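A.B. asks: Take this structure, written in structure tokens, and hold onto it; I'll ask about it next.
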Amino acid sequence: MDSVIKKAISKRKAVNSFLSKKGFTDIGDKETYEKTNLQYRKKTGKI
4 MDSVIKKAIS KRKAVNSFLS KKGFTDIGDK ETYEKTNLQY RKKTGKI
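Written out as structure tokens, the structure reads:
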């Protein structure tokens, strides 16, 4: 990912960030999405 950010900066594109103090889960694939969705539903009681 570092190379993507460096390339964007070199092309003078906007680079943004988001600071999270509670954690972060990258749901870039179906398996991780389903696992995270199940954890969320259990935590919120919406199963």
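Residues in the sequence shown are numbered consecutively from 4, following my numbering. Beta carbons are placed, not taken as given, at the ideal position from N, Cα and C, and that holds for glycine. Quick caveat: nothing in here was measured; it's all calculated off a predicted structure.
What's the C-alpha gap between Ile-8 and Leu-22?
C.D. replies: 16 Å
A.B. asks: Are the beta-carbon atoms belonging to Thr-28 and Thr-39 less than 8 Å from one another?
C.D. replies: yes
A.B. asks: Distance check for Asp-5 and Ala-11, CA to CA, integer angstroms please.
C.D. replies: 10 Å
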